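Enquirer: Supplied in structure tokens, the structure appears directly below.
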Amino acid sequence: MPEDADHVRSEDASPRRGLRPRTAELWLFRGIYGLVLASALVAALDVPGEVPNPGEDALWVLLTALASSAAHGYAHVIAQRAVAEGGTRPRRLQAVIAEWPLVVAALPTVWLLLGAVAEWWSEETAADVALLFNTIALLGLGISAARTAGLGWASSVRAGIMDMLIGVVIIGVYALVE
């Protein structure tokens, strides 16, 4: 079978081993969202010419990830309430807690910034490494998502590269601003 045809998934094709398909889909979606959020924040918070404050920046990344996950989870509750005709009552706390992968995906950026607080490296180095790490993680999650969906390796790598391009764009904007 030609490699170009590996992106077509037959009806009876099952997702790859690992996390349950729905769980994997949700984790990957929220993880990618968290990586993009953390990258955008670290790029925006590392302003040239300002006195570096990596502790404050780490706190902003963490608080924004927590607020985003809570808002995203609550948005699901509101959406479920809007479509439910009184028959089901959405579980608010469960919907918010289900957003944990978004926060987890932002933690490496927080840890790198905290390393700058400990003076293991500069805030600029922490920001650069966080952007690089998050971009590579986007590639990995994109490939993983495509493999979980049952796509072949060539299509999965292409999907991962497309996800990685989000990180590359953020790095490009960051470089232009600096």
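In the numbering used here, the protein residues as written are 23 to 200.
For every residue, glycine included, the Cβ atom is placed at its ideal position computed from N, Cα and C.
Since this is a predicted model, take the numbers as computed values, not measurements.
Measure the CB-CB distance between V64 and A167 and report whether it falls below 7 Å.
Expert: For the purposes of this step, residue 64 is taken as the residue at position 42 of the sequence shown. For the purposes of this step, residue 167 is taken as the residue at position 145 of the sequence shown. No. Outside cutoff.
Enquirer: When the Cβ atoms of the region 144-163 are set against those of the region 120-136, are three or more pairs found closer than 8 Å?
Expert: With a cut-off of 8 Å, the region 120-136 and the region 144-163 count as touching, because enough Cβ pairs lie within range.
Enquirer: For D68 and E145, which I take to be in contact (beta-carbon distance under 8 Å), what is that distance rounded to the nearest angstrom?
Expert: Here the question's residue 68 lines up with position 46 in the sequence shown. Here the question's residue 145 lines up with position 123 in the sequence shown. Rounded, the Cβ-Cβ distance is 6 Å, consistent with contact.
Enquirer: Determine the contact status of S61 and G189, defining contact as a CB-CB distance below 7 Å.
Expert: On the sequence shown, position 39 is the one that residue 61 refers to. On the sequence shown, position 167 is the one that residue 189 refers to. Their beta carbons are under 7 Å apart, which means S61 touches G189 by this criterion.
Enquirer: Got a sec, what are the start and stop residues for the alpha helix (DSSP H) L84 sits in?
Expert: If you number the sequence shown from 1, residue 84 lands on position 62. Its alpha helix (DSSP H) spans residues 76-105.
Enquirer: Going by C-alpha distance, which of R169, R113, A87 is nearest H98?
Expert: The residue labelled residue 98 in the question sits at position 76 within the sequence shown. Of the candidates R169, R113, A87, the one whose C-alpha sits nearest the C-alpha of H98 is R113.
Enquirer: For the alpha helix (DSSP H) containing S178, name the first residue and the last one.
Expert: The residue given as residue 178 occupies position 156 in the sequence shown. First-last of the alpha helix (DSSP H) with S178: 175-199.
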